[in-house]
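Participant: Numbering (the working numbering), first residue to last: 607 to 1152. For each residue, glycine too, the CB sits at the ideal point set by N, CA and C. As the structure is a computational prediction, the values presented were derived from the model and not from experiment. Before I ask anything, here is the structure I am working with.
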């Protein structure tokens, strides 16, 4: 900047990632064909270069930026033996080389009328790659059938456009406001490829397979207004509106309307309190209301399936926070959060969920002498959902309103996740140059799943509740001693202990081979065979400043 309001900033870096990761590959085109758990070789390089130039003063800031990132993967295909297809060589396509470019413009105007500050940002970015499309694919009998693509090369091209504008005003000492607008659009201009089925080739339900691209647009508007009733009482009222348009097969538009009110009180010198109440109402446009001709075809079931990330919901949220200093050197904090989602018009899918969280912290001591901190956290999460089992394709099997049988019926699941964590830590200034820090934290999670079958179903295989659904225990201990020899050099010695135990129905009784026969067996790598561990770490760190 050369001590002027004009500045230029340049940055360049390179990130290299090498080693192994775990990847799963389907042996066939159906879940019943098993899968293979295998190591994936990783050898990637990402090169980033950016430049930003602008003007900055006490009343205004303006900058323009350019970022270029190049991703290179030397292992873009993984070949492996597929036992389902006559033990022939199969292929998994990995991440392809790509180029990313982003243009940005930022601005801030200060000291506007009513003590306002206006800020804005605009970005435009593109991600592009180009890869050949495989002309054959391994199929039944170990035969490489033609895929018959209508393009020989796939050209990926995704464009993101964003814009935001925010105005903060403080017209009086008792009144402040914030008005904001955010815009985000994803435009997928990638090649649309169709793999023609007849006479041979890929088969997607008896028709040609076509790639799906996702485009969406989000527009967000909101306002927050704060009013100080008097020195000790303040209220903040907010309203947020979000309109999301997308090309999904089930929901093409969603509108979220969120209103909130927060009250803060500091009338007591030793205690401050805040309470926030929020209500969100989401309504989406459902496209599958007339799917399928009648209840004898599979598509008919889509009329009743509501995916909870876009389905209609009423959400209520309550937050309570307390901060207290009951005596000298004492600090106490408490927070409570309650959130409930009630999904509307949902026949099959998540019907409701709730979350409760309690957090308490207590601290005592002088920061420059000796201080001890204790905390406790408890969280409870419950998810309720309804599903349908279809085993016999007879009658109106795909309607959840038909009378249940032993093979076609509805069933409910209730997932309960409970967790707690407690900890204690100390900071001790042994001398002006020596500090000793300790901490010990215990954590535990417990998950259960309870099943309920539709009355009158009487399935031949009854539902069994799950008592261990992601149950964990973790204990950590840290001891650290730091001594500052000079203003330029210090030395840190430490010891860390961690003990982890895992209990989950999906991993208990781990086997390297699951299933029997050549057409349904799965082969696991053993990466999740022994999740329990105990670690002891001793370290020494020297720091020199110059």
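For residue 818, which three-state DSSP category applies?
Facilitator: coil
Participant: In its own chain, which residues sit with a C-beta less than 6 Å from the C-beta of residue 867, not counting the 5 before and 5 after it?
Facilitator: Non-local C-beta neighbours of residue 867 in its own chain, meaning closer than 6 Å and more than five positions away in sequence, comprise 843, 883, ordered along the chain.
Participant: Quick check: the Cα distance between residue 698 and residue 742, rounded to an integer number of angstroms?
Facilitator: 13 Å
Participant: Just curious, the beta strand (DSSP E) that residue 971 is in, first and last residue?
Facilitator: 954-971
Participant: Are the stretch 1036-1048 and the stretch 1007-1024 touching, with three or more C-beta to C-beta distances below 8 Å?
Facilitator: Pairwise C-beta distances place the stretch 1036-1048 out of contact with the stretch 1007-1024, as fewer than three of them are shorter than 8 Å.
Participant: In or out: residue 608 buried (at least 16 other Cβ within 10 Å) or exposed?
Facilitator: Counting Cβ neighbours within 10 Å, residue 608 comes out exposed, since fewer than 16 surround it.
Participant: Given this structure, state the Cα-to-Cα distance separating residue 552 from residue 756, to the nearest angstrom.
Facilitator: There is no way to answer for residue 552, as the model of the chain reaches only from 607 to 1152.
Participant: For residue 1036, does the count of other Cβ atoms within 10 angstroms reach 16, so buried, or fall short, so exposed?
Facilitator: exposed
Participant: Give the secondary structure of residue 609 by DSSP, where H, G and I count as helix, E and B as strand, and everything else as coil.
Facilitator: coil
Participant: Buried or exposed for residue 1055, going by 16 or more other Cβ atoms inside 10 Å?
Facilitator: buried
Participant: Which same chain residues, not among the five before or five after residue 786, have their C-beta less than 6 Å away from its C-beta?
Facilitator: 772, 828
Participant: On the CB-based measure, 16 or more other CB atoms within 10 Å of its CB, does residue 1145 come out buried or exposed?
Facilitator: exposed
Participant: If you count every other CB in all the chains shown that lies within 10 Å of the CB of residue 640, and 16 or more means buried, which is it?
Facilitator: buried
Participant: For residue 700, which residues from the same chain have a beta carbon less than 8 Å from its beta carbon, with the 5 sequence-adjacent residues on both sides left out?
Facilitator: Hits under 8 Å: 646, 679, 681, 682, 683, 684.
Participant: Would residue 1078 and residue 1108 qualify as a contact pair, given that the criterion is a beta-carbon distance under 8 Å?
Facilitator: yes
Participant: Use the C-beta contact count for residue 672: other C-beta atoms within 10 angstroms, 16 or more gives buried, fewer gives exposed.
Facilitator: exposed
Participant: Should residue 706 and residue 731 be called a contact, given that it needs their Cβ atoms to be closer than 8 Å?
Facilitator: yes
Participant: Contact defined as beta carbons within less than 8 Å: I believe residue 576 pairs with residue 820. What is the distance between those atoms, to the nearest angstrom?
Facilitator: In this structure the chain extends from 607 to 1152, so residue 576 is not present and cannot be described.
Participant: With distance defined between alpha-carbon atoms, name the residue in 1062, 696, 703, 728 nearest to residue 766.
Facilitator: Minimum Cα distance to residue 766 is reached at 728.
Participant: Return yes when the Cβ of residue 955 is within less than 8 Å of the Cβ of residue 909, no when it is not.
Facilitator: no
Participant: When the distance is taken between beta carbons, is residue 890 closer than 8 Å to residue 917?
Facilitator: yes
Participant: Around the C-beta of residue 696, are 16 or more other C-beta atoms found within 10 angstroms, so that it is buried, or is it exposed?
Facilitator: buried
Participant: Are at least three pairs of beta-carbons, each pair with one atom in the stretch 744-758 and one in the stretch 717-726, less than 8 Å apart?
Facilitator: no
Participant: Checking 8 Å against the spacing of the C-beta atoms, do residue 949 and residue 919 come in under that value?
Facilitator: yes
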